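Everything on this sheet refers to the single structure shown next.
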Amino acid sequence: MDNVPLTVGLPVATLSCVVAAAVAVGVLGRSAGRSGPALRDAYHRMAFGAGVAVLGLGCTALLADGGWRVDSPPRLAPYAAGLAVGTAVVLSGLLRLPTLAAEPAAALRLGLDGALLAGCLLLVNWTLLVQPALVRHAGQAGLPVRDPRTYLLGVPLLVCLVVLGVAVVAAGRARRPRRSVALPVAATAAAALAGLGLLLALRYGGGTEVLVLGSGYALGLVLSALAVPGNARLGVPDGGLPRPGVVLAVIPAGAAVAAMVTRLVRFGGADNVSVVLLVVIGALVTARQLVAAGVAHRYARRLAEREAYFREMAFTDPLTGLGNRRRLMRTLYADALGGPPSVLLLIDLDGFKNVNDVRGHDVGDAVLVEIGRRLRANLRPGDLAARLGGDEFAVLMWAAPEEAYGAAQRLLGVLSDGYRVEPSPVLLSGSIGLAGAGSLTDVPGLLHNADLALRFAKQRGKNRVERYDAAYDRWMRRRTTVEQELRGAIEREELSLVYQPVVALPDGRPVGVEALVRWHHPALGPVPASEFVPVAEEFGLIGRVDRWVLHQACHQLSRWMADGHDPWLSVNVSVRDLHLPEYVAQLVEVLRAHRVPAGRLVLEVTESAVFGWAQSQPGYGETSTARVEVDLPEVVGRLAELRAHGVRVALDGFGGGYSALGQLPRIPVDLIKIDKGFVSAPPTEPDGPPAPLVPVAVALGAQLGLEVVVEGVRTAAQRETVAAAGCRLAQGDLFGPPMPAEHVEALLARPFLIPAPRPAQDLGQVDSAHEMRQS
């Protein structure tokens, strides 16, 4: 390596650079094909720049003389121009990388910073090293502007110094991961400096220097081509304000000032080159500040836009574009509280969950978007529509209650129109709760009242508008109290059982009893089962109550059996229990624990529960409802399993509200209990018999091979009608109201016989007024 001739060094260096350039162009071209527009442009520029630089080197090699010397300016010019242009193009591609600059302004700022650093370094070197050396050796104080070598070496030098400056600035200001910036710029700067060194070696050096620096240039080209694609996606684009970079800005500027002060002190003045460099540095500083100011201004504007956007998004539902709960609350507190009369409508879609479950959430979202559009299109200017979440919406109207009620009725029609969604339209309805009158004084109270009104709209049949009534609060407080107290009623031993006999007709002999739960609260007093049982159903407490009833009733039946009585026991069961896989095993274990034969137990399930109809629940002023979702095949299977263990099943309340005739043969039951509404039905004719529908129901049961029990028998005439219809079992207050266990035991000890009805005695004419005065 000490005496490598130029005839070997230059060809080998040129060939190495050509191969390296080909590798670099291939790697960058392949990466460009896999990248987006921004990275693709950056890779194309860097590949083109590498090719231009090596092309210049090849042209210089072709112009070499017989000894492969290229030290004359005409022969060096192609490589010098190619190196300057190619390196500048590579720099422009480097500045297009998102890891270095997220936008053109940031790239310009980085380029100016690199040029400023290069200018300061050049000024320091010229003032302290180059210019004094020229004075000592050449006897001239200025730069030989007419010498071609000045431009041959100066222009590439300037470009390479700018690349070096950009590399230093970019690496110094890079955020983590820093290697995503440091590796590409370091490899590019190393390649540029090696290319500059090769230019100097071609001008002043020998074969060894040319070979070493040429190989270094080739290696730099390959490393930069490999480093850029591997790290271009690791960093996060920085589109914000530039990092201060105080050290990188102060040290070069301070060095330039110190150099000029030294120059002035030693020589008493400044040469033309120093003055030009100072002017260029000043221009770069000014341009850099202008760019930085523009970037800061755009950043501030963008920050304000983003702040406005996120503030808007914080109060906007992203799916429908309506306001959200925050916007509604802000409007209520800022504008409605103490302001003009306002009314709040709460809207809930009926059956929307089925849309999501059956058609999918995409269809559900499309329906919600259409609902948002319809609400916006049907509200007056100034009214606010908001989506509170899920399928619940709110409308704040600046209107009197009557006007708002009319608008709510119109909204019902708008919401009930079909929603065109592929492959078939979706049909929905809505329930609306309305609250508010006059100026608002209590925002939470308004929301509570509207929500309570919405609840009653759902319970009273849906697809309706319900106005808030103060009595709703009393009902709600009572219901909440019942729910809270019921949770500890069993532990406090507040529940008890009463039994109503079931008698055989026509003699009236008791053959069975129905266990009925009663609750006596120390503060609330007697709480009717029609009130607390639906609450237990709704809040998931019915399972505990049913298990307690089953244990107590079976224990009592075992005592009666021990005393020699043989009634069967009827116990009500919730349809929720029938959905539990372990229910049958639990019931069999209770029978075993109390030594009760399975044939003595009758489980009663209501017709409405089995067939999935809404169970009636007492509400305020009328019957409210709460739907219990029923899996009919599962319930049928559970009932069949119970019958397989010997337990009999009764269908309670048959005919009381659900047309179950078509489904009845599918249900594994042993008895049907005719709803008391059949017994109390008025005669079809003035002189006709009471309970005209009972014979029909009894005949239906006989046709299906089922035992029939008629409930609600209160009068002797009803008893005669039931017996005449061929019914063998009856239950009602005529045979005995619900009573304690000891009364039932006395009743079982002596068979209950109902005397035949006696005709009324004719008393003749009676002056009732006279009799009352006498009394």
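So the sequence shown is numbered by the numbering used here: it starts at 5 and just counts up by one. Every residue, glycine too, gets a C-beta built ideally from N, C-alpha and C. Just so it is clear, the structure is predicted and the values come from calculations on it, not from any experiment.
Considering A654, what are the terminal residues of the beta strand (DSSP E) in which it resides?
Where A654 is concerned, the enclosing beta strand (DSSP E) stretches over 652-658.
If you draw a straight line from the alpha carbon of L43 to that of A403, how long is it in whole angstroms?
Answer to the nearest angstrom: the Cα atoms are 58 angstroms apart.
Mapping the DSSP letters down to three states, classify Q621 as helix, strand or coil.
Note that Q621 has pLDDT 37, beneath the 50 cutoff, so the model's placement of it is unreliable and the number below is only indicative. Strand at Q621.
In whole angstroms, give me the CA-to-CA distance for G342 and V447.
Approximately 10 angstroms, taken between the alpha carbons.
Nearest CA to the CA of A65: which residue from H365, V12, A88?
Ranking H365, V12, A88 by Cα distance to A65 puts V12 first.
Can you tell me the Cα-Cα spacing of V614 and V634, whole angstroms?
Spanning the two alpha carbons is a distance of roughly 7 angstroms.
So H524 is in the alpha helix (DSSP H); what residue range does that whole segment cover?
Per DSSP, H524 belongs to no alpha helix (DSSP H); it is in the beta strand (DSSP E), 513-525.
For M317, does the count of other Cβ atoms within 10 angstroms reach 16, so buried, or fall short, so exposed?
Classification of M317: exposed, given that the 10 Å Cβ count is below 16.
Can you give me the C-alpha to C-alpha distance between P9 and V74, rounded to a whole angstrom?
If I take the Cα positions, the gap works out to 13 angstroms.
Can you tell which of Q590, L372, L561, T719 has its C-alpha closest to the C-alpha of R599?
Out of Q590, L372, L561, T719, L561 has the C-alpha closest to the C-alpha of R599.
If V163 sits next to A84, beta carbons under 8 angstroms apart, how far is it from one beta carbon to the other, in whole angstroms?
With a Cβ gap of about 10 angstroms, V163 and A84 do not count as contacting.
Taking the beta strand (DSSP E) that D387 falls in, what are its first and last residues?
From DSSP, D387 is part of no beta strand (DSSP E); its letter is neither H nor E.
DSSP three-state label for L752, please.
L752: helix per DSSP, three-state reduction.
Could you give the C-beta distance for R642 and L605, rounded to a whole number, given that I count them as a contact under 8 angstroms?
The Cβ separation is near 15 angstroms, so there is no contact.
Buried or exposed, going by whether 16 or more other CB atoms sit within 10 Å of the CB of L489?
Per the sequence shown, the amino acid found at residue 489 is Glu instead of Leu. So E489 ends up on the buried side.
Relative to the C-alpha of Q735, which candidate in E746, E611, D570, R513 has its C-alpha closest?
With distances taken between Cα atoms, Q735 lies closest to R513.
Per DSSP, what kind of secondary structure is Y476 in: helix, strand or coil?
Helix.
Is the region 514-531 touching the region 570-587 in the sense that three or more CB pairs, one from each, lie closer than 8 angstroms?
Yes, since at least three Cβ pairs between the region 570-587 and the region 514-531 fall closer than 8 angstroms, the two stretches touch.
Measuring alpha carbon to alpha carbon, tell me which residue in N129, V93, G364 is nearest A259.
Of N129, V93, G364, the residue nearest in Cα terms is N129.
Write down the C-beta distance between A109 and L99 rounded to the nearest angstrom, noting that I regard them as a contact closer than 8 angstroms.
A109 to L99, Cβ: 11 angstroms. No contact.
Can you tell me where the beta strand (DSSP E) with Y503 in it begins and where it stops?
499-508 is the extent of the beta strand (DSSP E) around Y503.
Rounding to the nearest angstrom, what Cα-Cα distance links Y472 and F536 in this structure?
Going by the C-alpha atoms only, they are around 24 angstroms apart.
Roughly how many angstroms lie between the CA atoms of G547 and V553, to the nearest whole one?
The straight-line gap from Cα to Cα measures roughly 10 angstroms.
Measure the beta-carbon distance from G90 to A122 and round it to whole angstroms, keeping in mind my assumption that it falls under 8 angstroms.
At roughly 17 angstroms, the Cβ-Cβ gap does not stay under 8 angstroms, so G90 and A122 are not in contact.
The beta strand (DSSP E) with K677 in it runs from where to where?
Element bounds for K677: 675-678.
Going residue by residue through the region 321-360, where are the continuous beta strand (DSSP E) segments of at least 3 residues, counting only ones entirely within it?
DSSP runs (the beta strand (DSSP E)) wholly in the region 321-360: 347-354.
Kindly confirm or deny that the region 349-363 and the region 430-438 touch, where touching means at least three C-beta pairs closer than 8 angstroms.
Judged by Cβ distances under 8 angstroms, the region 349-363 makes contact with the region 430-438, as three or more pairs qualify.
Assign V634 to one of three DSSP states: helix, strand, or coil.
Coil.
From A475, A119, V594, G603, pick the residue whose C-alpha is nearest to that of G286; which is it?
Here the closest residue by C-alpha is A119.
Closer than 7 angstroms by C-beta to D550: which residues in its own chain qualify, once you throw out the five before and the five after it? Chain order, please.
Same-chain partners within the cutoff: V577, S578, D581.
What's the C-alpha gap between C21 and V58?
About 6 angstroms.
Classify E542 as helix, strand or coil using the three-state DSSP reduction.
DSSP places E542 in helix when its eight states are reduced to three.
Across the region 393-403 and the region 301-319, are there enough close Cβ pairs to call them in contact, namely three or more that are closer than 8 angstroms?
Verdict: no, contact absent.
For A370, name the three-state secondary structure that DSSP assigns.
Reduced to three states, the DSSP call for A370 is helix.
Determine, using beta carbons only, whether L655 and I676 come nearer to each other than 7 angstroms.
Contact flag set, yes.
Please go through the same chain and pick out, in chain order, the residues whose beta-carbon is closer than 8 angstroms to the beta-carbon of L372, but skip the five residues on each side of it.
L323, T324, R391, D395.
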